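*Asks:* Anchor point for the sequence shown: position 84 equals 193 in this note's numbering, and the numbering is continuous, going up by one each time. All residues carry an ideal CB built from backbone N, CA and C; glycine is no exception. None of these values were measured; they are calculated from a predicted model. Okay, handing you the structure first.
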Amino acid sequence: IDPISLYVLTKDQILALRRAKHRNMERLTLACGGEAMNSIDNLTKECLDFVEDVYEHVLGEGKYTFVQGWKDSRSATKVQQYIY
């Protein structure tokens with residue numbers, strides 16, 4: 110995802126992740142709903158879901174993204190590590 114698209118999506122409070130592994134994206138969509146998208150051309154309201162809190166935290170040398178508070182939760186907390 111390019112920096113401009115990342116800015117536009119996050120400005121509208123849509124979670125956008127760079128360099129996410131395919132399997133981790135599958136796990137995230139299974140845990141909270143929504144769909145993983147590769148193109149903004151196909152983005153609709155039905156593709157999205159809601160979470161209460163998304164934040165990054167540095168643990169050791171890695172950055173982790175925490176996603177919490179799904180309305181139809183199938184998991185308590187999803188921790189995602191990304192290499193920047």
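Starting from the C-beta of K180, find all residues in its chain whose C-beta is less than 7 Å away, skip the five residues before and the five after it, and write them out in chain order.
*Replies:* F159
*Asks:* Are at least three pairs of beta-carbons, each pair with one atom in the stretch 158–173 and one in the stretch 128–146, less than 8 Å apart?
*Replies:* yes
*Asks:* DSSP state of Y193, grouped into three classes?
*Replies:* Residue placement at Y193 is flagged as unreliable, the pLDDT there being 45, under the threshold of 50; the coordinate-derived value follows with that caveat. Here Y193 sits in coil by DSSP.
*Asks:* Out of P112, E155 and Q122, point me to the one whose CA is closest to R128's CA.
*Replies:* P112
*Asks:* Looking at the unbroken alpha helix (DSSP H) that takes in E155, where does it start and where does it end?
*Replies:* First-last for E155: undefined, no H or E at that position.
*Asks:* Which residues in the same chain as I192 place their Cβ atom closer than 7 Å to its Cβ, once the five residues preceding and following it in sequence are excluded?
*Replies:* Any reading at I192 must be qualified, since the residue scores a pLDDT of 48, below 50, and its modelled position is unreliable; the value itself is stated next. Same-chain partners within the cutoff: R128.
*Asks:* Going by DSSP, what residue range makes up the alpha helix (DSSP H) through K130?
*Replies:* First-last for K130: undefined, no H or E at that position.
*Asks:* Have a look at Y173 and E165 and give me their C-alpha separation to the nearest angstrom.
*Replies:* 5 Å
*Asks:* With DSSP collapsed to three states, give me the class of E135.
*Replies:* helix
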